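Below is one structure, written out as structure tokens, with a few remarks after it.
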Amino acid sequence: MAQSITITDNRTGDSVEIPIDNGSVAAGDWRKLLPNVWFYDEALMTTAMTESAITYLDGDAGILRYRGYPIEQLAESSTYLEVAYLLIHGELPTADQYSAWVHDITYHTFIHENVRKRFLEGFHYDAHPMGMLVSAIAALSTFYPESKDIFDADVRQKQIVRLIAKMPTLAAACHRFSVGMPFVYPDNSLSFAENFLSMLFKVAEPRYDADPRLSKALDLLFILHADHEQNCGTTAMRVVGSAHADPYSAAAAAAAALYGPRHGGANEAVIHMLTEIGSTENVPAFVQAVKAGHGRLQGFGHRVYKNYDPRAKIIKRAADDVFAVTGKNPLLDIALKLEEVALSDDYFISRKLYPNVDFYSGLIYQAMGFPIEMFTVLFAIPRMSGWLAHWVELLEQDQKIVRPRQVYTGAEERSYVPVAQRS
Ligand code: ACO
Numbered sequence: 316m317a318q319s320i321t322i323t324d325n326r327t328g329d330s331v332e333i334p335i336d337n338g339s340v341a342a343g344d345w346r347k348l349l350p351n352v353w354f355y356d357e358a359l360m361t362t363a364m365t366e367s368a369i370t371y372l373d374g375d376a377g378i379l380r381y382r383g384y385p386i387e388q389l390a391e392s393s394t395y396l397e398v399a400y401l402l403i404h405g406e407l408p409t410a411d412q413y414s415a416w417v418h419d420i421t422y423h424t425f426i427h428e429n430v431r432k433r434f435l436e437g438f439h440y441d442a443h444p445m446g447m448l449v450s451a452i453a454a455l456s457t458f459y460p461e462s463k464d465i466f467d468a469d470v471r472q473k474q475i476v477r478l479i480a481k482m483p484t485l486a487a488a489c490h491r492f493s494v495g496m497p498f499v500y501p502d503n504s505l506s507f508a509e510n511f512l513s514m515l516f517k518v519a520e521p522r523y524d525a526d527p528r529l530s531k532a533l534d535l536l537f538i539l540h541a542d543h544e545q546n547c548g549t550t551a552m553r554v555v556g557s558a559h560a561d562p563y564s565a566a567a568a569a570a571a572a573l574y575g576p577r578h579g580g581a582n583e584a585v586i587h588m589l590t591e592i593g594s595t596e597n598v599p600a601f602v603q604a605v606k607a608g609h610g611r612l613q614g615f616g617h618r619v620y621k622n623y624d625p626r627a628k629i630i631k632r633a634a635d636d637v638f639a640v641t642g643k644n645p646l647l648d649i650a651l652k653l654e655e656v657a658l659s660d661d662y663f664i665s666r667k668l669y670p671n672v673d674f675y676s677g678l679i680y681q682a683m684g685f686p687i688e689m690f691t692v693l694f695a696i697p698r699m700s701g702w703l704a705h706w707v708e709l710l711e712q713d714q715k716i717v718r719p720r721q722v723y724t725g726a727e728e729r730s731y732v733p734v735a736q737r738s
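Under our numbering, the first residue of the sequence shown is numbered 316, with each subsequent residue one higher.
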């Protein structure tokens, strides 16, 4: 069987045979045959926009690997900062590389005082922390104007370290501001997750020591959220990055995409949904309403996974460790019942709708004391390493500026009508 497709232009009879390579056919060949004919592919559902060596995902089989390493093994044995190094550099670090990396990240966690005083504190008192975070990431580009020099390897590396390191500081600052608490400075004696928890929850104690089970669970959630190949936010990073914007501006665009309820905002929607359901007895009626077209089961379904999201499996297990410290989230029983009812219902089975990463993560975050508005912020912290890995990759690929075509459906040419003559 030939591993190729043949396209024939019936207007001219010309044909071109294009090899199928790695599951895809290169557009360059058909472009020669069909100049000025565009493939209409709404939301790029069947278009691979890039080659990438970062994350492998098989949605039918429920497989996720970073740089070849199964997510289950990384979740079991690695740390978020090691995973961030792996994503960006392509290999796991040696012991020396790892300690230098952790040191660099730890010593770049402070933000310029003016980011906080002049910028973050300028927001309205009830600003959503994710809206604040998106703007704060973009604002950082004005504090590091050298970041525009994106083809200087040292400059690039410096911004990568800064962005990964400052995300928890910015995120915690947004949270403290939104609840009216004073800013907490980073503590370099703490690990990445411990330091974040300290900046969030420290009150008057000289040093905030988080329960190690909670910091470990948070670090695990960071690993699981670090990358997910060409999702909406990462695509935004690549699109803006392809225009050679500085990494802060590109990352702000990616974070803005993540803010959407169809993307990183879904775990927030899950908690609202479970709260609205109220008790396990109401689950069957709620599922019936969803099937009848009233809304969606939040935290269910995925553009790519047509199987159980492997991250959801790991998170479901981690929830027990967290609840052992915090007490069980009362919404857990409703979530478990909902999963049971949905997974035995033909509507969800036939559409291959399974719990995704957001279905259980919100329950953990809520039990740990995070307000719902912080959930997407928690997602953005580790996703920064994935965004940056894709940004470096696209610059190394010397990718062209992203500029898709459209199918125009508007009015034909017409003449301007002065306002007095319009009916
Ligand atoms: N509940 C009920 N029905 C659903 C759901 C759901 N959560 N998701 C999809 N469907 C149904 C659709 O109604 C459609 O049915 P139809 O064929 O009868 O019209 C079918 O399944 C296919 O749905 P699409 O919208 O075409 O699937 P798509 O791939 O575009 O959507 C998405 C994926 C956006 C994630 C969707 O499943 C959804 O809205 N889920 C809820 C929100 C959510 O959990 N988002 C988080 C995604 S994970 C992440 O971004 C980190």
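Every residue gets a Cβ at the ideal spot worked out from N, C-alpha and C, and that includes glycine. Note that the coordinates shown come from a computational prediction; the quantities given were computed from them, not determined experimentally.
Applying the criterion that 16 or more other CB atoms from any shown protein chain within 10 Å of the CB defines a buried residue, is residue i buried or exposed?
| i | result |
| --- | --- |
| Y440 | exposed |
| T323 | exposed |
| A567 | buried |
| N351 | exposed |
| M316 | exposed |
| E425 | According to the sequence displayed, residue 425 carries Phe and not Glu. Flag for F425 reads exposed. |
| D635 | exposed |
| H432 | In the sequence on display, residue 432 carries Lys and not His. With fewer than 16 Cβ atoms within 10 Å of its Cβ, K432 is classed as exposed. |
| T409 | exposed |
| S530 | buried |
| V555 | buried |
| D624 | buried |
| Y620 | buried |
| N325 | exposed |
| A551 | buried |
| P670 | buried |
| D673 | buried |
| Q736 | exposed |
Relative to the C-alpha of residue i, which candidate in the options has its C-alpha closest?
| i | options | result |
| --- | --- | --- |
| P645 | L407, M552, L589, V494 | L589 |
| E520 | D502, R528, I335 | D502 |
| S339 | G701, A363, I452 | A363 |
| I696 | T321, A451, K347, T365 | A451 |
| T370 | F694, E406, D561 | E406 |
| E366 | Y355, L653, S738, D336 | D336 |
| Q721 | R632, V598, W353 | W353 |
| Y500 | N510, E708, S493, F492 | N510 |
| A587 | E596, I649, R553 | It is His, not Ala, that sits at residue 587 in the sequence shown. When each option's Cα is compared against that of H587, the closest is I649. |
| M514 | A532, K715, V494, P483 | P483 |
| I333 | N325, Q318, R698 | Q318 |
| A600 | H443, S530, K652 | K652 |
| G495 | F516, S506, G579, L505 | F516 |
| R471 | S738, S504, P562 | P562 |
| L658 | L612, V619, Y355, S506 | L612 |
| M699 | A480, K621, P670 | A480 |
| V692 | Y623, D375, G579 | G579 |
| E591 | G610, P576, L349, G575 | G610 |
| V476 | V417, F438, S564 | V417 |
| F638 | T595, A735, V734, A532 | A532 |
| H490 | V602, T641, D344, L512 | L512 |
My understanding is that residue i touches residue j, with C-beta atoms under 8 Å, so please give their C-beta distance in whole angstroms.
| i | j | result |
| --- | --- | --- |
| F690 | Y680 | 5 Å |
| R382 | L396 | About 15 Å; that fails the 8 Å criterion. |
| D469 | A508 | The Cβ separation is near 28 Å, so there is no contact. |
| L478 | L448 | The Cβ separation is near 12 Å, so there is no contact. |
| L435 | A487 | Rounded, the Cβ-Cβ distance is 11 Å, inconsistent with contact. |
| I420 | L703 | 12 Å between Cβ atoms; not a contact. |
| F694 | L573 | 6 Å |
| G747 | H543 | Outside the shown range of the chain (316 to 738) lies residue 747, about which nothing can therefore be said. |
| E583 | G677 | 7 Å |
| I378 | A558 | With a Cβ gap of about 33 Å, I378 and A558 do not count as contacting. |
| K569 | G548 | In the sequence under discussion, the amino acid at residue 569 is Ala, which differs from the Lys named in the question. Their Cβ separation, rounded to whole angstroms, is 4 Å, which keeps A569 and G548 in contact under 8 Å. |
Return yes when at least one heavy atom of the ligand ZN lies under 8 Å from the C-beta of residue i, else no.
| i | result |
| --- | --- |
| G677 | Among the ligands modelled here, namely the ligand ACO, the ligand ZN does not occur. |
Would the stretch 535-551 count as touching the stretch 456-463 if we require 3 or more Cβ pairs under 8 Å? no
At least 3 beta-carbon pairs within less than 8 Å: the stretch 380-397 vs the stretch 676-687: no
Do the stretch 616-635 and the stretch 513-530 make contact, defined as three or more Cβ pairs closer than 8 Å? no
Say whether the stretch 602-617 touches the stretch 354-361, bearing in mind that this needs 3 or more beta-carbon pairs closer than 8 Å, one atom from each stretch. no
Which ranges does the alpha helix (DSSP H) cover as unbroken runs of at least 4 residues, wholly within the stretch 571-596, from first to last along the chain? 581-592
Cβ pair count under 8 Å reaching 3, the stretch 654-668 against the stretch 463-477: no
Contact between the stretch 695-711 and the stretch 490-500 (3+ Cβ pairs under 8 Å): no
Going along the chain, which unbroken runs of the alpha helix (DSSP H) with 4 or more residues stay wholly within the stretch 546-570? 547-557
Segments assigned alpha helix (DSSP H), at least 4 residues, entirely inside the stretch 619-674: 625-641, 647-658, 661-665
Taking only runs that begin and end inside the stretch 342-367, name each unbroken alpha helix (DSSP H) of 4 or more residues, in chain order. 342-348
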